[in-house]
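Quick note: the sequence shown uses my numbering, first residue 552, plus one each step. Where a beta carbon is used, it is the ideal one built from N, C-alpha and C, also for glycine.
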Amino acid sequence: MTVTAHTVIGMACGLCAEFVTQEIERIQGVTAVAVDLEGDTVTVTSERRLDIAEVRAAVQEAGYELADAPGDRRTGFRQQDGSRP
């Protein structure tokens, strides 16, 4: 099991969270998705390590953007323990 947290730019409401959740759940191997609107984050649990491009594409399909500025509060990808793959 792999748990990763991603920062999503532009989510503002429950409907936003629902769109992002639905698209990420379509990725093969994803077992759970949890959205934190206040923190602008989505936490993904999966059976395998996901390719960041898969997650980015799903978030874009939902109409949002995955943050990816290193060192910024809106860093787009990190392991649950805070490390980068």
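Beta carbon of residue i nearer than 8 angstroms to that of residue j
i	j	result
T555	T592	no
A609	I560	no
E598	T582	yes
Per-residue DSSP class, three states only, for residue i
i	result
I575	helix
L588	coil
E616	strand
Host beta strand (DSSP E) of residue i (start-end)
i	result
A563	Premise fails: A563 is in no beta strand (DSSP E) and is neither H nor E.
Where residue i falls, given that 16 or more other Cβ within 10 Å makes a residue buried
i	result
S634	Note that S634 scores 45 on pLDDT, short of 50, meaning its location in the model is unreliable and no value can be drawn from it.
A563	exposed
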